[in-house]
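Counting with our numbering, you get residues 113 to 440 for the letters of the sequence shown. The beta-carbon is built from N, C-alpha and C at its ideal position, and this holds for glycine as well. These numbers come from a predicted model, not from an experiment. The next block holds one structure in the form of structure tokens; read it before the comments.
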Amino acid sequence: MSSNSEVVVTDSQAACIFYGEEITPENELLNEAKIDAMHELELCYINDTPSEPFLVSAGRPLLDCESQLKEFVDNVFLSVGPCNEKVYERSELSSQQVFQITCQYTTLYKNNKLGTFTNFAKKVKAQYLKAEISRKRSKEGRVERKILYVMKPHYRGLKMDGFDVIGYARKSPTEISDDELKEIIKNMISCLQSRSQVTDVYVSPSSRSKSPIAASDMTTDKDYTDISGCCVGNTQSLLTYLSSTTKQVWLVIVDYAALSTDPHDILLLVNTDADTTSQRNSKSLECIIVDRFQDVGKYEVYRRNDILKTPEQLTSFDCRPKLPHRSI
Numbered sequence: 113m114s115s116n117s118e119v120v121v122t123d124s125q126a127a128c129i130f131y132g133e134e135i136t137p138e139n140e141l142l143n144e145a146k147i148d149a150m151h152e153l154e155l156c157y158i159n160d161t162p163s164e165p166f167l168v169s170a171g172r173p174l175l176d177c178e179s180q181l182k183e184f185v186d187n188v189f190l191s192v193g194p195c196n197e198k199v200y201e202r203s204e205l206s207s208q209q210v211f212q213i214t215c216q217y218t219t220l221y222k223n224n225k226l227g228t229f230t231n232f233a234k235k236v237k238a239q240y241l242k243a244e245i246s247r248k249r250s251k252e253g254r255v256e257r258k259i260l261y262v263m264k265p266h267y268r269g270l271k272m273d274g275f276d277v278i279g280y281a282r283k284s285p286t287e288i289s290d291d292e293l294k295e296i297i298k299n300m301i302s303c304l305q306s307r308s309q310v311t312d313v314y315v316s317p318s319s320r321s322k323s324p325i326a327a328s329d330m331t332t333d334k335d336y337t338d339i340s341g342c343c344v345g346n347t348q349s350l351l352t353y354l355s356s357t358t359k360q361v362w363l364v365i366v367d368y369a370a371l372s373t374d375p376h377d378i379l380l381l382v383n384t385d386a387d388t389t390s391q392r393n394s395k396s397l398e399c400i401i402v403d404r405f406q407d408v409g410k411y412e413v414y415r416r417n418d419i420l421k422t423p424e425q426l427t428s429f430d431c432r433p434k435l436p437h438r439s440i
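Take a look at the structure:
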């Protein structure tokens, strides 16, 4: 087969791949019908790779206010490497190239020139302006470009398509001062911000890894939302958000124990068919992303559909060593 040959995948076959099911005539009909039933979504490929289909909004809205645009620009163009090669790639871009990329996602500068966008970036103190400068000579003279870490197009699409990437951090109960606890929480938030580019972080300041998620922070009277502009609430705030938002949420945690070491409790969190009298329905939780860069240098993704089909994969979360058994 020629190296230029393309793999052709039909819509119905891509639907089977998306749901992780065997490609059979029956499954093709069933899964394509599921996709068709979601009228506002369509199936696309990551970097034109047929084996990696994903859903996006069929009618993608464009950013139409400066506050949205600042958040987008600060998330897409980083001046410091985030240690996340899956999402970001190092590039040397001119100001014109940054402007051209941004214009694909907003209506604000459709008829304006680079200078108008640059003035906006300076006004809102856009992070990309702090990037190191690369200076090279060419036939046209000296060329200056910013050394940036640029979010790959697929992930920019997630930001635009109603996906919300949020973080969660948990601290076990400990006998330390409130100031020390705040410093630890601040470091947790900083880690989630720098490596995973989350917009909001929910924090459980004092809960055990084996405690039910639904009961965490129900009795606490401490508020740590003033620690960082990214800290927006505790576990109860997170559960309220997951049960009410219309966006699909990607929840990022640093290591397994940050969420829970009880696989059954995590299954309850993602199972929309579970009895919700004792636990709110986290219907929007699309996947859990575990940041394991410190241990193995990668992210691990646990999608809702995969968890419900094979809950056994959650055994990785049961990561705390068991107490030794002592005979009487």
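Item, Value
"Is V262 near S191, with beta carbons less than 7 Å apart?", "no"
"Using a Cβ-Cβ cutoff of less than 7 Å, which residues in the same chain neighbour D329 once the five nearest sequence positions on both sides are dropped?", "S316, S319, N346, T347 and Q348"
"For C215, does the three-state DSSP call read helix, strand or coil?", "helix"
"If you follow the alpha helix (DSSP H) that D418 is in, where does it begin and where does it stop?", "R416 to K421"
"Does the contact criterion of 3 or more C-beta pairs under 8 Å hold for the stretch 239-254 versus the stretch 284-297?", "no"
"Nearest-angstrom Cα distance between K421 and V364?", "21 Å"
"Going by DSSP, which residues form a beta bridge with S321?", "DSSP output for S321 lists no bridge partner at all."
"Which first and last residues belong to the beta strand (DSSP E) in which L260 is found?", "G253 to M263"
"By a C-beta neighbour count over all protein chains shown, 10 Å radius and 16 as the cutoff for buried, is R257 buried or exposed?", "buried"
"Short check: CB of V413 to CB of C399, under 7 Å?", "yes"
"Can you look up Y240 in the DSSP assignment and give me helix, strand or coil?", "helix"
"Which class does S428 belong to by DSSP, given the choice of helix, strand or coil?", "helix"
"S124 by DSSP, collapsed to three states: which one?", "helix"
"Do Y240 and Y280 come within 7 Å of each other at the CB atom, strictly closer than that value?", "no"
"Could you tell me how far apart the beta carbons of F189 and L260 are, in whole angstroms, since I believe they sit closer than 8 Å?", "5 Å"
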